[in-house]
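In the numbering used here, the protein residues as written are 3 to 346.
Yeah, the Cβ is synthetic: ideal placement off N, Cα and C, and Gly gets one too.
Below is one structure, written out as structure tokens; the observations come after it.
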Ligand SMILES: Nc1ncnc2c1ncn2[C@@H]1O[C@H](COP(=O)(O)OP(=O)(O)OP(=O)(O)O)[C@@H](O)[C@H]1O
Ligand SMILES: [Mg+2]
């Protein structure tokens, strides 16, 4: 099983190249899933998905495909519901799913999208895909979908949080006297801040939700471990020629600081060099157009050479994908670049 995660700044071609890599791997015979954790769901147009299903098989009719290609769109509510049903005892699950705080949690808490991304990758692993290609959002902080679960794991396993969950159960069992003086003071202070009934509601919810949160955290920990294992997961940094140097430096250092392994640097939308056998006596207007094209394409080649030189030996695969004459919408269009992207 292999996981490849595509990161990059806005609009550089992450979604297109994630889908194209999935397609190439499916052509070669793998059971592949392309999963988008971007709420914008551009993957729908990239793969021309017509059904509204959150997970669906992509039609590869007419292509020499030995494997299967599936597409999945991250839906925060659906992923969290699935987690609650799986992790809580049946009776508790219904209580959680119907609780008003649960609805606030799924719909309005910022960062739920990022927390659920790692959970959704975990679910995809359970579903038995051999290859998972993850398309990420052009987030202001590109790594929040990795950092937030990491923080959540620490929070849930943090002694004071565990203590609150546990002592609240004692408190509920009218064993108030068993509470330490310190814990009692803490409750009193929180009640003063938020009001007694809200605190009661939150704690009541938390005491039921705690099992789910702890199981989520354990699974997130496991999934993050797989994402850090270079035998399982590689990151692909996607960029365009003139941004390549800056982007490569930024993503390389950010990923290395977090101990993730960078498998490839993909420079997308490169203008190919001109054929050298053009006649020398072109009409002026045409000559100017050709000179302009040459200027830009030579600029692309220079950027490409510089960044590939800098990262050769550091990043195993350095890939250039040419600019296409059409938008990358639909499997046919992706097929045209699938070979140049390669497979994991
Ligand atoms: N090599 C290419 N040649 C021509 N068009 C391309 C190429 N790569 C991407 N595009 C086009 O560029 C646009 C942006 O691509 P895409 O949606 O894949 O980028 P993205 O990085 O996922 O964007 P976002 O950051 O908004 O998620 C699309 O219209 C796509 O068809
Ligand atoms: Mg995208």
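- For the pair residue 102 and residue 240, the Cα-to-Cα distance works out to about 41 angstroms.
- Residue state for residue 45 is assigned as helix, using DSSP reduced to three classes.
- Looking at the backbone, the Cα of residue 314 and that of residue 267 are separated by about 10 angstroms.
- With a contact defined as Cβ atoms closer than 8 angstroms, residue 75 and residue 60 miss out at about 12 angstroms.
- For the options 310, 145, 343, the alpha carbon positioned closest to that of residue 253 is the one of 145.
- Note on residue 15: 16 or more other CB atoms within 10 angstroms of its CB, so buried under the neighbour-count rule.
- Within a 10 Å sphere around the beta-carbon of residue 187 sit fewer than 16 other beta-carbons, which makes this residue exposed.
- With respect to the C-alpha of residue 148, the residue from 96, 327, 39 having the closest C-alpha is 39.
- For residue 236, the enclosing beta strand (DSSP E) starts and ends at 235-241.
- Bridge pairing for residue 296: absent [DSSP].
- Below 8 angstroms, too few C-beta pairs join the segment 280-288 and the segment 314-334 to call them touching: fewer than three.
- Per the Cβ contact rule, the segment 130-142 is in contact with the segment 3-12 (3 or more Cβ pairs under 8 angstroms).
- Here the C-alpha atom of residue 342 lies approximately 15 angstroms from the C-alpha atom of residue 318.
- For residue 253, the enclosing alpha helix (DSSP H) begins and ends at 246-259.
- Contact between the segment 304-313 and the segment 267-276 is established, with three or more Cβ pairs separated by less than 8 angstroms.
- Closest in alpha carbon position to residue 73, among 243, 154, 337, 53, is 53.
- Under DSSP, residue 59 shares a beta bridge with 72.
- Annotation: the continuous beta strand (DSSP E) that includes residue 272 extends over 264-272.
- For residue 38, the enclosing beta strand (DSSP E) starts and ends at 33-38.
- Contact between residue 221 and residue 121 holds, with the beta-carbon distance rounding to 7 angstroms and staying under 8 angstroms.
- Assigned with DSSP and collapsed to three states, residue 4 falls in strand.
- Per DSSP, reduced to three states, the secondary structure at residue 312 is helical.
- CA-to-CA, the gap between residue 305 and residue 320 works out to about 13 angstroms.
- Take residue 298, set aside five residues on each side of it, and the residues of its chain with a beta-carbon closer than 8 angstroms to its own are 273, in chain order.
- Looking at the DSSP output, residue 133 bridges to 4, 34.
- Collapsing the DSSP output to three states places residue 324 in a strand.
- Proximity of the beta carbon of residue 47 to ligand 2 is not indicated: no heavy atom of the ligand is located closer than 7 angstroms.
- When rounded, the separation of the alpha-carbon atoms in residue 257 and residue 96 is 39 angstroms.
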